[in-house]
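Numbering (the working numbering), first residue to last: 1133 to 1256.
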(Lines of atoms letter the chains of each structure in order from A and count residues from 1; the text may use other names and numbers.)
(Lines give C-alpha, C1' and ligand atoms only; values in the text may rest on other atoms or scores of the structure.)
Protein backbone atom coordinates (compact mmCIF):
# COMPACT_ATOMS: atom_id res chain seq x y z
CA UNK A 1 0.00 0.00 0.00
CA UNK A 2 1.23 3.51 -0.82
CA UNK A 3 2.08 6.03 1.85
CA UNK A 4 -0.90 8.12 2.99
CA UNK A 5 -0.92 11.90 2.75
CA UNK A 6 -3.18 14.45 4.41
CA UNK A 7 -3.51 17.52 2.18
CA UNK A 8 -4.18 20.78 4.04
CA UNK A 9 -4.86 24.06 2.20
CA UNK A 10 -7.67 26.59 2.32
CA UNK A 11 -7.64 26.87 -1.49
CA UNK A 12 -9.55 24.03 -3.17
CA UNK A 13 -7.48 24.32 -6.37
CA UNK A 14 -4.23 23.84 -4.39
CA UNK A 15 -5.63 20.76 -2.68
CA UNK A 16 -6.66 19.42 -6.09
CA UNK A 17 -3.22 20.11 -7.55
CA UNK A 18 -1.41 18.39 -4.67
CA UNK A 19 -3.82 15.45 -4.76
CA UNK A 20 -3.21 15.00 -8.49
CA UNK A 21 0.57 15.07 -8.05
CA UNK A 22 0.68 12.61 -5.17
CA UNK A 23 -1.86 10.11 -6.51
CA UNK A 24 -0.14 10.07 -9.92
CA UNK A 25 3.06 9.12 -8.11
CA UNK A 26 1.78 6.21 -6.07
CA UNK A 27 0.70 7.92 -2.86
CA UNK A 28 -2.74 7.68 -1.34
CA UNK A 29 -4.63 10.80 -0.21
CA UNK A 30 -5.79 9.96 3.31
CA UNK A 31 -7.91 13.10 3.49
CA UNK A 32 -8.00 16.83 2.97
CA UNK A 33 -8.62 19.75 5.27
CA UNK A 34 -9.20 23.43 4.56
CA UNK A 35 -7.92 24.88 7.84
CA UNK A 36 -5.54 24.03 10.64
CA UNK A 37 -8.25 23.04 13.10
CA UNK A 38 -9.60 20.43 10.67
CA UNK A 39 -6.04 19.30 9.94
CA UNK A 40 -5.35 18.51 13.60
CA UNK A 41 -8.65 16.62 13.99
CA UNK A 42 -8.05 14.66 10.79
CA UNK A 43 -4.44 13.88 11.71
CA UNK A 44 -5.55 12.29 14.97
CA UNK A 45 -8.27 10.32 13.20
CA UNK A 46 -6.38 9.25 10.05
CA UNK A 47 -2.74 9.05 11.21
CA UNK A 48 -1.29 9.81 7.76
CA UNK A 49 2.37 9.22 6.89
CA UNK A 50 2.85 12.80 5.64
CA UNK A 51 0.95 16.10 5.90
CA UNK A 52 1.27 18.90 3.34
CA UNK A 53 0.34 22.05 5.25
CA UNK A 54 -0.43 25.54 4.01
CA UNK A 55 0.73 28.32 6.33
CA UNK A 56 -1.94 30.99 5.90
CA UNK A 57 -5.43 29.60 6.63
CA UNK A 58 -8.56 30.61 8.52
CA UNK A 59 -9.47 29.33 12.01
CA UNK A 60 -5.97 28.02 12.80
CA UNK A 61 -2.90 28.77 10.71
CA UNK A 62 -0.43 26.14 9.59
CA UNK A 63 2.17 26.96 12.23
CA UNK A 64 -0.32 26.52 15.09
CA UNK A 65 -1.54 23.31 13.45
CA UNK A 66 2.03 21.97 13.23
CA UNK A 67 2.51 22.64 16.95
CA UNK A 68 -0.80 20.94 17.78
CA UNK A 69 -0.05 17.89 15.60
CA UNK A 70 3.49 17.55 16.97
CA UNK A 71 2.05 17.71 20.51
CA UNK A 72 -0.06 14.65 19.63
CA UNK A 73 2.66 12.91 17.58
CA UNK A 74 6.25 14.16 17.98
CA UNK A 75 7.25 12.10 14.92
CA UNK A 76 4.69 13.63 12.54
CA UNK A 77 6.03 14.29 9.02
CA UNK A 78 4.78 17.72 8.04
CA UNK A 79 5.79 19.62 4.91
CA UNK A 80 4.89 23.30 4.85
CA UNK A 81 3.69 24.84 1.60
CA UNK A 82 4.03 28.61 1.52
CA UNK A 83 3.81 31.40 -0.99
CA UNK A 84 6.87 33.42 -1.97
CA UNK A 85 7.84 36.10 0.52
CA UNK A 86 6.88 34.11 3.62
CA UNK A 87 10.44 33.15 4.58
CA UNK A 88 10.04 34.32 8.18
CA UNK A 89 6.97 32.11 8.51
CA UNK A 90 8.88 29.19 7.01
CA UNK A 91 11.49 29.54 9.77
CA UNK A 92 8.70 29.64 12.36
CA UNK A 93 7.23 26.49 10.81
CA UNK A 94 10.54 24.63 10.93
CA UNK A 95 11.02 25.69 14.57
CA UNK A 96 7.47 24.49 15.30
CA UNK A 97 8.41 21.06 13.96
CA UNK A 98 7.82 21.00 10.21
CA UNK A 99 10.30 18.67 8.47
CA UNK A 100 10.54 20.49 5.13
CA UNK A 101 8.90 23.21 3.08
CA UNK A 102 8.07 23.90 -0.53
CA UNK A 103 7.42 27.34 -1.96
CA UNK A 104 4.27 27.91 -4.00
CA UNK A 105 3.83 27.81 -6.87
CA UNK A 106 5.89 24.65 -6.66
CA UNK A 107 7.11 22.22 -9.25
CA UNK A 108 5.83 18.67 -9.02
CA UNK A 109 9.38 17.34 -8.58
CA UNK A 110 10.06 19.65 -5.62
CA UNK A 111 6.98 18.41 -3.76
CA UNK A 112 7.82 14.77 -4.46
CA UNK A 113 11.43 15.30 -3.31
CA UNK A 114 10.20 16.80 -0.04
CA UNK A 115 7.81 13.87 0.54
CA UNK A 116 10.53 11.32 -0.21
CA UNK A 117 13.01 13.13 2.02
CA UNK A 118 10.74 13.22 5.09
CA UNK A 119 9.69 9.62 4.57
CA UNK A 120 13.28 8.40 4.25
CA UNK A 121 14.25 10.27 7.43
CA UNK A 122 11.36 8.72 9.35
CA UNK A 123 12.40 5.18 8.32
CA UNK A 124 15.78 5.49 10.03
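All C-beta atoms, glycine included, are put in the ideal place defined by N, C-alpha and C.
Being a predicted model, the structure only gives us computed values, none of them experimental.
Since residue 1210 and residue 1230 should fall inside the 8 angstroms C-beta cutoff, what is the C-beta to C-beta distance between them, to a whole number of angstroms? For the purposes of this step, residue 1210 is taken as the residue at position 78 of the chain shown. For the purposes of this step, residue 1230 is taken as the residue at position 98 of the chain shown. Contact holds; Cβ gap of about 5 angstroms.
Let me know if residue 1168 comes out buried or exposed under the rule of 16 or more other beta-carbons within 10 Å of its beta-carbon. In the chain shown, residue 1168 corresponds to position 36, counting from 1. So residue 1168 counts as buried.
Rounded C-alpha distance that separates residue 1192 from residue 1171: The residue given as residue 1192 occupies position 60 in the chain shown. The residue given as residue 1171 occupies position 39 in the chain shown. Straight-line Cα distance between these residues: approximately 9 angstroms.
Which of the three DSSP states is assigned to residue 1221 in this structure? Translated into positions along the chain shown, residue 1221 becomes position 89. Residue state, collapsed to three classes: helix.
DSSP three-state label for residue 1231, please. By 1-based counting over the chain shown, the position of residue 1231 is 99. Coil, per DSSP.
Between which two residues does the alpha helix (DSSP H) holding residue 1184 run? Indexing the chain shown from 1 puts residue 1184 at position 52. Premise fails: residue 1184 lies in the beta strand (DSSP E), 1182-1186, not in any alpha helix (DSSP H).
Cutoff 7 angstroms; reference residue 1225; Cβ partners in own chain excluding five residues on either side: Taking the first residue of the chain shown as 1, we reach residue 1225 at position 93. Once the five neighbours on either side are set aside, the close Cβ partners of residue 1225 are 1187, 1194, 1195, 1198, 1212, 1233.
Just reading off the alpha helix (DSSP H) that residue 1174 is part of, what are its end residues? Walking along the chain shown from the start, residue 1174 turns up at place 42. Unbroken alpha helix (DSSP H) run through residue 1174: 1168-1178.
Please look up how many angstroms separate the CB atoms of residue 1147 and residue 1164, rounded, as I've assumed it's under 8 angstroms. Position 15 of the chain shown, counting from 1, holds the residue named residue 1147. Position 32 of the chain shown, counting from 1, holds the residue named residue 1164. Contact holds; Cβ gap of about 5 angstroms.
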